[in-house]
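The numbers in the UniProt record's numbering rise by one with no breaks, and the one at position 33 of the sequence shown is 33.
Below you'll find the structure, written out as structure tokens, and then a few comments.
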Amino acid sequence: MAQQHEPKEPIQTGKEAAPAWNSPAAKAAHEITSGVFRFADLSHPAVAMLFTLGQSSRRARLESRRRSPVLEKERRFFAQLPADRPDENDRQPGVEPDLMALADLELPSPPHVYLALQTALADRHKTTGDIADIVSADPSLATRVLKLVNSPLYASGRKVDSILRAVSLVGTEQITLLAAAMSVMTHFRDIPQELLDMSAFWQHSLSTGVLARLLAERAGVRDKEYHFLGGLLHDIGRLVLFQAMPELSRKALLKAKSKQMYLYYAEQDEIGYDHSTIGSVLFRKWELPPALRLTVLYHHIPEISEQVRENAIVHLADIMSHALGLGLSGEFFLPPLSEQAWDSLGLKPSDLVAVADAAEASLPSLFDSLC
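Now the structure itself:
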């Protein structure tokens, strides 16, 4: 495992400097961020930059004196951990699940509206108006889609006030996938609060989607909408596990905390497979595009996939979301950055500053309206 090195001084990122580096808020932000990065290799320039960005983001929220449930959960989690760090994360990741265990899992059906939209897309006689009518038939879904399309993420220049206009702007296939993603956000309602804070979960998912879209644009990777959707849904397998196997999921959470290990390793130990595997299996059942399925499958280990560059986007976006403290997925430790994935994108650490600034400017309104 790579040795951790703490930066001695804050790296200049372009953001305004804090009033005092040793203020109570700055010290608390440093302690929390150090906990998140407990197993991170801070000798890597990109990881070091993410540490500074995460520290700055948390410090700003603490200094605003606005209540932050995510920060409170992070602070409590790391305050309870012993100082020693066991070597439970020093293992080779893989995607080979326990197929016998997987066979026993009952997967949820796709949202009804997605099936209706898929049927309409397959019918060459259907028009964009027919697609818009299907989305509009669900007022809650239509509202969510319009809020998303009118967000800075799309920035069309003028207000989109109808689903028909949204379909014309985004495209029929993309609006179908957006509608599926928005439907999923209300699909898992009965997960116990003590297992997972759903609002914080969707904040992490949404921020990963936004960061993925921005990173794809920055790196010149095509299909930025697919990367947004991949980021939004990358942890859906965890919802399936929490819903279908709450007791085993609880054991995985407790093991991850007591052993100080990544949650996806604890899932593999306790359940036989992790959330990325079950997410990809679910996407296959739902007949979502293969690119999305592979993004979900490889979001922790893109270096072993055939399309490293394409799968690196959500991998990095997920890590950035954790680093910045934008929501919580159930995982408190920063997942390791794949050097091969990072190198494939051709980005510089300074690019992460611009992406983080753009994401943090657009996310508060999205959190308020969608989470």
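Glycine included, C-beta positions come from ideal geometry on N, C-alpha and C.
Treat the numbers as computed from the prediction; the structure is a model and nothing was measured.
So, with DSSP's three-state summary, where would you put Q260?
In the sequence shown, the residue the question calls residue 260 occupies position 260. In this structure, Q260 counts as coil in the three-state DSSP scheme.
By a C-beta neighbour count over all protein chains shown, 10 Å radius and 16 as the cutoff for buried, is H112 buried or exposed?
One-based indexing of the sequence shown puts residue 112 at position 112. Counting Cβ neighbours within 10 Å, H112 comes out exposed, since fewer than 16 surround it.
Work out the CA separation of R309 and L42 for me, nearest whole Å.
Counting from 1 along the sequence shown, the entry for residue 42 is found at position 42. Counting from 1 along the sequence shown, the entry for residue 309 is found at position 309. Roughly 23 Å between the two C-alpha positions.
In the DSSP assignment, find the alpha helix (DSSP H) that holds N311 and state where it starts and stops.
In the sequence shown, residue 311 corresponds to position 311, counting from 1. Here the alpha helix (DSSP H) through N311 covers V308 to L324.
Is the Cβ-Cβ distance between H300 and D235 less than 7 Å?
The count along the sequence shown starts at 1 and reaches residue 300 at position 300. The count along the sequence shown starts at 1 and reaches residue 235 at position 235. Cβ distance not < 7 Å, so H300 and D235 don't count as in contact.
Which of the three DSSP states, helix, strand or coil, is assigned to V210?
For the purposes of this step, residue 210 is taken as the residue at position 210 of the sequence shown. Residue state, collapsed to three classes: helix.
Taking I313 as the reference, which of P335, P302, L81 and A323 has the closest Cα?
The sequence position of residue 313 within the sequence shown is 313, counting from 1. Out of P335, P302, L81 and A323, P302 has the C-alpha closest to the C-alpha of I313.
Under 6 Å Cβ to Cβ from residue 385, same chain only, skipping five residues before and after it: list those, please.
No answer is possible for residue 385: it lies beyond the span of the chain, which begins at 1 and ends at 371.
Do R66 and A25 count as a contact pair if the criterion is CB distance below 7 Å?
Reading the sequence shown from its first residue, position 25 is the one you call residue 25. Reading the sequence shown from its first residue, position 66 is the one you call residue 66. Cβ atoms of A25 and R66: not closer than 7 Å.
Straight-line CA distance for residue 373 to I163?
Given a span of 1 to 371 for the chain in the structure shown, any question on residue 373 remains unanswerable.
Distance CB(S280)-CB(L263) smaller than 7 Å:
Position 280 of the sequence shown, counted from the start, is the residue given in the question as residue 280. Position 263 of the sequence shown, counted from the start, is the residue given in the question as residue 263. Not a contact, by the Cβ cut-off of 7 Å.
Let me check understanding here. Comparing Cα to Cα, which of N89, R238, S205 and S68 lies closest to residue 379?
Outside the shown range of the chain (1 to 371) lies residue 379, about which nothing can therefore be said.
Nearest-angstrom Cβ-Cβ length linking P69 and A200, presumed shorter than 8 Å:
Numbered from 1 along the sequence shown, position 69 holds the residue referred to as residue 69. Numbered from 1 along the sequence shown, position 200 holds the residue referred to as residue 200. About 6 Å; that satisfies the 8 Å criterion.
Rounded separation between E63 and Q55 - CA only
Along the sequence shown, read from residue 1 onward, the residue named residue 63 stands at position 63. Along the sequence shown, read from residue 1 onward, the residue named residue 55 stands at position 55. Distance between the alpha carbons of E63 and Q55: 12 Å.
Are the segment 144-157 and the segment 180-189 touching, with three or more C-beta to C-beta distances below 8 Å?
yes
So the candidates are H315, A291, D84 and D130; which of them puts its Cα closest to the Cα of D223?
Here residue 223 corresponds to residue number 223 of the sequence shown, with the count starting at 1. If we check each option's Cα against that of D223, A291 comes out closest.
Measuring CA to CA, which of S207, F37, G129 and R213 is closest to D154?
To locate residue 154, count along the sequence shown from 1; it is residue 154. The sequence given here places Tyr at residue 154; Asp does not occur at that position. For Y154, the nearest C-alpha among the options comes from R213.
Look up P335 in the DSSP assignment and say whether it is helix, strand or coil.
By one-based count along the sequence shown, residue 335 stands at place 335. Reduced to three states, the DSSP call for P335 is coil.
Close Cβ partners of S362 (< 7 Å) along its chain, the five nearest in sequence each way excluded
If you number the sequence shown from 1, residue 362 lands on position 362. So the list reads S151, P152, L153 and V210, once near-sequence residues are dropped.
Below 8 Å on the Cβ atoms is my contact criterion, and I expect G237 with I278 to pass it. Report the Cβ-Cβ distance as a whole number of Å.
Position 237 of the sequence shown, counted from the start, is the residue given in the question as residue 237. Position 278 of the sequence shown, counted from the start, is the residue given in the question as residue 278. Right, the Cβ-Cβ distance comes to about 4 Å (below 8 Å), so this counts as a contact.
Whether G325 touches S207 by CB criterion (7 Å)
Within the sequence shown, numbered from 1, the residue matching residue 325 stands at position 325. Within the sequence shown, numbered from 1, the residue matching residue 207 stands at position 207. Going by C-beta atoms, G325 is not nearer than 7 Å to S207.
For K147, the first and last residue of its enclosing alpha helix (DSSP H):
Looking up residue 147 in the sequence shown gives position 147. Per DSSP, K147 belongs to the alpha helix (DSSP H) from P139 to V149.
State the CB to CB distance for the pair I131 and V170, rounded to an integer number of angstroms; the pair is presumed to be in contact (CB under 8 Å).
Here residue 131 refers to the residue found at position 131 when the sequence shown is read from its first residue. Here residue 170 refers to the residue found at position 170 when the sequence shown is read from its first residue. Not quite, the Cβ-Cβ distance comes to about 11 Å (not below 8 Å), so this is no contact.
Please go through the same chain and pick out, in chain order, the residues whose beta-carbon is closer than 7 Å to the beta-carbon of S344, but skip the five residues on each side of it.
What you label residue 344 is simply residue 344 of the sequence shown in a count that begins at 1. Counting only Cβ-Cβ distances below 7 Å, and skipping sequence neighbours, we find V308, R309 and A312.
If I'm right that V36 touches A252 with Cβ under 8 Å, what's the distance once you round it to whole angstroms?
Within the sequence shown, residue 36 is the residue found at index 36, counting from 1. Within the sequence shown, residue 252 is the residue found at index 252, counting from 1. Wrong, their Cβ atoms sit about 19 Å apart, outside the cutoff.
Taking only three categories from DSSP, how would you classify I301?
For the purposes of this step, residue 301 is taken as the residue at position 301 of the sequence shown. Note: I301 maps to coil in three-state DSSP.
Taking only three categories from DSSP, how would you classify A40?
Translated into the one-based positions of the sequence shown, residue 40 becomes position 40. Of the three classes helix, strand and coil, the one that applies to A40 here is coil, per DSSP.
Indicate whether T295 and G230 have their beta-carbon atoms separated by less than 7 Å.
The sequence position of residue 295 within the sequence shown is 295, counting from 1. The sequence position of residue 230 within the sequence shown is 230, counting from 1. Contact flag set, yes.
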